[in-house]
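Chemist: Residue 241, in the numbering used here, is where the sequence shown stops; the numbers in between run on with no holes.
We put the beta carbon where it would ideally sit given N, CA and C, even for glycine.
Predicted, not measured: the structure shown is a model, and the values here were computed from it.
Before I ask anything, here is the structure I am working with.
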Amino acid sequence: MKSVEPRKYSSPLRESQAKETRERILAAVDSWMRDDAHAEFTYDDIAREAGVERRTVFRHFETKEVLLEAFWGWINQRILPNTLPRSVDELVEGPRTVFPKFDESDGLIRASLHSRTGRAMRLGTVAARREAFRDALLQATSGASAADFRRLEAVAHALYSAAAWEAMRDYAGVSGAEAGDAAAWALSILIDSVRQAPSGASADDSPNTTD
31 MKSVEPRKYS SPLRESQAKE TRERILAAVD SWMRDDAHAE FTYDDIAREA GVERRTVFRH
91 FETKEVLLEA FWGWINQRIL PNTLPRSVDE LVEGPRTVFP KFDESDGLIR ASLHSRTGRA
151 MRLGTVAARR EAFRDALLQA TSGASAADFR RLEAVAHALY SAAAWEAMRD YAGVSGAEAG
211 DAAAWALSIL IDSVRQAPSG ASADDSPNTT D
(Lines of atoms letter the chains of each structure in order from A; the text may use other names.)
(Lines give C-alpha, C1' and ligand atoms only; values in the text may rest on other atoms or scores of the structure.)
Protein backbone atom coordinates (compact mmCIF):
# COMPACT_ATOMS: atom_id res chain seq x y z
CA MET A 31 0.00 0.00 0.00
CA LYS A 32 1.41 3.32 -1.06
CA SER A 33 1.80 5.96 1.58
CA VAL A 34 -0.01 9.17 0.90
CA GLU A 35 2.02 12.29 1.46
CA PRO A 36 0.17 15.04 3.29
CA ARG A 37 -0.98 17.84 1.07
CA LYS A 38 0.74 21.13 1.60
CA TYR A 39 -1.69 23.77 2.71
CA SER A 40 -1.27 27.17 1.13
CA SER A 41 -3.31 30.08 2.35
CA PRO A 42 -3.27 33.24 0.23
CA LEU A 43 -4.50 35.20 3.26
CA ARG A 44 -1.71 33.86 5.46
CA GLU A 45 0.88 34.58 2.79
CA SER A 46 -0.45 38.12 2.42
CA GLN A 47 -0.31 38.65 6.18
CA ALA A 48 3.25 37.31 6.35
CA LYS A 49 4.31 39.66 3.56
CA GLU A 50 2.65 42.59 5.30
CA THR A 51 4.39 41.74 8.57
CA ARG A 52 7.74 41.50 6.80
CA GLU A 53 7.17 44.93 5.27
CA ARG A 54 6.33 46.38 8.69
CA ILE A 55 9.54 44.98 10.16
CA LEU A 56 11.67 46.36 7.33
CA ALA A 57 9.88 49.71 7.58
CA ALA A 58 10.69 49.72 11.30
CA VAL A 59 14.39 49.28 10.52
CA ASP A 60 14.06 52.12 8.00
CA SER A 61 12.51 54.39 10.63
CA TRP A 62 15.19 53.51 13.17
CA MET A 63 18.09 54.10 10.80
CA ARG A 64 16.71 57.38 9.49
CA ASP A 65 16.92 58.74 13.04
CA ASP A 66 20.52 57.55 13.45
CA ALA A 67 21.98 55.29 10.76
CA HIS A 68 24.84 54.20 13.02
CA ALA A 69 22.79 53.53 16.15
CA GLU A 70 22.69 49.93 17.33
CA PHE A 71 19.27 48.36 17.61
CA THR A 72 17.91 45.23 19.21
CA TYR A 73 15.11 42.94 18.09
CA ASP A 74 13.06 44.42 20.92
CA ASP A 75 13.55 47.89 19.42
CA ILE A 76 12.43 46.75 15.97
CA ALA A 77 9.51 44.73 17.33
CA ARG A 78 8.29 47.74 19.30
CA GLU A 79 8.66 50.03 16.27
CA ALA A 80 6.85 47.55 14.01
CA GLY A 81 4.13 46.78 16.54
CA VAL A 82 4.82 43.04 16.56
CA GLU A 83 6.18 40.50 19.01
CA ARG A 84 9.93 39.97 19.31
CA ARG A 85 9.53 36.33 18.27
CA THR A 86 7.78 37.49 15.10
CA VAL A 87 10.87 39.42 14.06
CA PHE A 88 12.96 36.30 14.70
CA ARG A 89 10.54 34.19 12.69
CA HIS A 90 11.06 36.36 9.62
CA PHE A 91 14.75 37.15 10.14
CA GLU A 92 16.75 34.65 12.18
CA THR A 93 19.72 36.96 12.77
CA LYS A 94 20.43 40.66 12.65
CA GLU A 95 22.76 39.97 9.73
CA VAL A 96 19.89 38.44 7.75
CA LEU A 97 17.63 41.33 8.72
CA LEU A 98 20.11 43.97 7.57
CA GLU A 99 20.82 42.19 4.29
CA ALA A 100 17.09 42.04 3.58
CA PHE A 101 16.71 45.67 4.60
CA TRP A 102 19.39 46.97 2.23
CA GLY A 103 17.90 45.09 -0.69
CA TRP A 104 14.47 46.43 0.23
CA ILE A 105 15.58 50.04 0.65
CA ASN A 106 17.67 49.94 -2.53
CA GLN A 107 14.57 49.08 -4.54
CA ARG A 108 12.58 51.85 -2.87
CA ILE A 109 15.10 54.67 -3.11
CA LEU A 110 16.87 53.80 -6.34
CA PRO A 111 14.65 51.54 -8.45
CA ASN A 112 15.78 52.88 -11.84
CA THR A 113 19.23 54.40 -11.54
CA LEU A 114 21.06 52.34 -14.16
CA PRO A 115 21.45 54.41 -17.34
CA ARG A 116 20.07 53.08 -20.62
CA SER A 117 21.70 55.79 -22.72
CA VAL A 118 24.55 58.26 -22.51
CA ASP A 119 22.03 61.05 -21.89
CA GLU A 120 20.60 59.18 -18.91
CA LEU A 121 24.13 58.63 -17.61
CA VAL A 122 24.93 62.35 -17.80
CA GLU A 123 21.61 63.48 -16.31
CA GLY A 124 21.44 60.73 -13.70
CA PRO A 125 23.20 62.60 -10.88
CA ARG A 126 20.82 65.55 -11.28
CA THR A 127 17.91 63.20 -10.65
CA VAL A 128 19.42 60.93 -8.02
CA PHE A 129 21.60 63.13 -5.81
CA PRO A 130 18.71 65.29 -4.50
CA LYS A 131 16.97 62.04 -3.49
CA PHE A 132 20.07 61.11 -1.51
CA ASP A 133 19.54 64.26 0.55
CA GLU A 134 16.10 62.96 1.53
CA SER A 135 17.66 59.74 2.86
CA ASP A 136 20.97 61.14 4.07
CA GLY A 137 21.52 58.74 6.98
CA LEU A 138 20.57 55.67 5.01
CA ILE A 139 22.82 56.53 2.07
CA ARG A 140 25.77 57.12 4.37
CA ALA A 141 25.11 53.86 6.19
CA SER A 142 25.00 52.03 2.87
CA LEU A 143 28.47 53.40 2.14
CA HIS A 144 30.06 52.67 5.49
CA SER A 145 28.38 49.55 6.89
CA ARG A 146 29.44 46.05 5.94
CA THR A 147 25.95 44.93 4.93
CA GLY A 148 25.41 48.14 2.97
CA ARG A 149 28.65 47.59 1.10
CA ALA A 150 27.63 44.00 0.35
CA MET A 151 24.35 45.28 -1.11
CA ARG A 152 26.19 47.75 -3.35
CA LEU A 153 28.74 45.21 -4.51
CA GLY A 154 25.89 42.90 -5.44
CA THR A 155 24.85 45.39 -8.13
CA VAL A 156 28.33 45.90 -9.61
CA ALA A 157 27.99 43.57 -12.60
CA ALA A 158 24.75 45.17 -13.81
CA ARG A 159 26.15 48.65 -13.16
CA ARG A 160 29.33 48.02 -15.14
CA GLU A 161 27.37 46.66 -18.09
CA ALA A 162 24.94 49.60 -18.10
CA PHE A 163 27.66 52.25 -17.85
CA ARG A 164 29.78 50.60 -20.52
CA ASP A 165 26.88 50.27 -22.96
CA ALA A 166 25.81 53.87 -22.37
CA LEU A 167 29.30 55.26 -22.88
CA LEU A 168 29.90 53.20 -26.02
CA GLN A 169 26.92 54.91 -27.66
CA ALA A 170 28.80 58.21 -27.70
CA THR A 171 32.48 57.24 -27.63
CA SER A 172 32.77 54.24 -29.94
CA GLY A 173 35.65 55.91 -31.75
CA ALA A 174 37.73 56.51 -28.62
CA SER A 175 40.91 54.59 -27.91
CA ALA A 176 40.66 51.73 -25.44
CA ALA A 177 42.83 53.63 -22.98
CA ASP A 178 40.70 56.78 -23.13
CA PHE A 179 37.50 54.76 -22.87
CA ARG A 180 38.79 52.89 -19.84
CA ARG A 181 39.72 56.13 -18.11
CA LEU A 182 36.34 57.67 -18.94
CA GLU A 183 34.51 54.59 -17.70
CA ALA A 184 36.37 54.70 -14.37
CA VAL A 185 35.70 58.40 -13.80
CA ALA A 186 32.03 58.01 -14.77
CA HIS A 187 31.59 55.43 -12.02
CA ALA A 188 33.25 57.79 -9.55
CA LEU A 189 31.16 60.83 -10.50
CA TYR A 190 27.79 59.08 -10.63
CA SER A 191 27.91 57.49 -7.20
CA ALA A 192 26.77 57.93 -3.63
CA ALA A 193 30.41 58.41 -2.66
CA ALA A 194 30.66 61.44 -4.97
CA TRP A 195 27.46 62.86 -3.50
CA GLU A 196 28.84 62.41 0.03
CA ALA A 197 32.23 63.95 -0.80
CA MET A 198 30.70 67.03 -2.40
CA ARG A 199 28.17 67.43 0.40
CA ASP A 200 30.82 67.19 3.12
CA TYR A 201 33.86 68.81 1.53
CA ALA A 202 32.29 71.42 -0.76
CA GLY A 203 29.26 72.08 1.43
CA VAL A 204 26.82 71.90 -1.47
CA SER A 205 23.32 70.48 -1.64
CA GLY A 206 22.45 67.25 -3.38
CA ALA A 207 21.00 69.25 -6.27
CA GLU A 208 24.21 71.24 -6.61
CA ALA A 209 26.33 68.11 -6.34
CA GLY A 210 24.22 66.43 -9.01
CA ASP A 211 24.59 69.42 -11.31
CA ALA A 212 28.37 69.44 -10.81
CA ALA A 213 28.66 65.70 -11.51
CA ALA A 214 26.50 65.97 -14.64
CA TRP A 215 28.54 68.96 -15.86
CA ALA A 216 31.81 67.09 -15.39
CA LEU A 217 30.47 63.96 -17.09
CA SER A 218 29.29 65.98 -20.08
CA ILE A 219 32.69 67.63 -20.51
CA LEU A 220 34.59 64.36 -20.17
CA ILE A 221 32.37 62.48 -22.61
CA ASP A 222 32.63 65.26 -25.17
CA SER A 223 36.42 65.27 -24.81
CA VAL A 224 36.73 61.62 -25.84
CA ARG A 225 33.76 61.46 -28.20
CA GLN A 226 36.02 61.38 -31.26
CA ALA A 227 39.02 59.10 -31.65
CA PRO A 228 42.32 60.99 -31.36
CA SER A 229 44.25 61.41 -34.57
CA GLY A 230 46.37 58.39 -35.31
CA ALA A 231 44.36 55.99 -33.16
CA SER A 232 44.09 52.56 -34.68
CA ALA A 233 41.05 50.32 -34.83
CA ASP A 234 42.85 47.93 -32.49
CA ASP A 235 42.70 50.59 -29.79
CA SER A 236 38.90 50.77 -29.86
CA PRO A 237 37.02 49.44 -26.82
CA ASN A 238 34.70 47.70 -29.29
CA THR A 239 37.49 45.45 -30.53
CA THR A 240 36.85 41.82 -29.69
CA ASP A 241 39.66 39.46 -28.70
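Which parts of the segment 68-123 are runs of the alpha helix (DSSP H), unbroken and 4 residues or longer, counting only runs that do not cross its ends?
Modeler: Entirely contained in the segment 68-123, the alpha helix (DSSP H) runs reaching 4 residues are, in chain order, 73-80, 84-90, 94-109.
Chemist: Among Asp60, Asp133, Gln47, Arg126, whose alpha-carbon lies nearest the alpha-carbon of Gly210?
Modeler: When only C-alpha atoms are compared, the closest one is Arg126.
Chemist: Counting only the same chain and skipping the five closest in sequence on each side, list residues whose C-beta sits under 7 Å from that of Ser229.
Modeler: Bear in mind that a pLDDT of 47 at Ser229, under 50, signals an unreliable position, so the number given afterwards is only what the model happens to contain. Once the five neighbours on either side are set aside, Ser229 has no close Cβ partner at all.
Chemist: Which residue from Glu53, Met198, Lys131 puts its Cα closest to that of Arg100?
Modeler: Note on residue identity: the sequence assigns Ala, not Arg, to residue 100. That would be Glu53, whose Cα lies nearest to the Cα of Ala100.
Chemist: Under 8 Å by Cβ, that's how I've got Thr147 and Trp215 pegged, so tell me the actual separation to the nearest angstrom.
Modeler: With a Cβ gap of about 33 Å, Thr147 and Trp215 do not count as contacting.
Chemist: How would you write the range of the alpha helix (DSSP H) that Asp222 sits in, first residue to last?
Modeler: Its alpha helix (DSSP H) spans residues 206-223.
Chemist: Return the Cβ separation of Tyr73 and Val59 in integer angstroms, given the expectation that the two are a contact with Cβ distance under 8 Å.
Modeler: Actually they do not touch by this definition, with Cβ atoms about 11 Å apart.
Chemist: Do Leu217 and Ala166 count as a contact pair if the criterion is CB distance below 8 Å?
Modeler: Not closer than 8 Å, so no.
Chemist: What is the residue span of the alpha helix (DSSP H) that Thr171 lies within?
Modeler: That run of the alpha helix (DSSP H) goes 156-171.
Chemist: Assuming Ile221 and Leu189 form a contact by the criterion Cβ under 8 Å, report the distance between their Cβ atoms to the nearest whole angstrom.
Modeler: Not a contact, Cβ separation roughly 11 Å.
Chemist: List the endpoints of the continuous alpha helix (DSSP H) containing Ala150.
Modeler: Taken as a continuous stretch (DSSP letters only), the alpha helix (DSSP H) holding Ala150 covers 146-153.
Chemist: Can you check which of these residues, Leu143, Lys49, Arg180, Ala194, is closest to Val224 by C-alpha distance?
Modeler: The option with the nearest alpha carbon to Val224 is Arg180.
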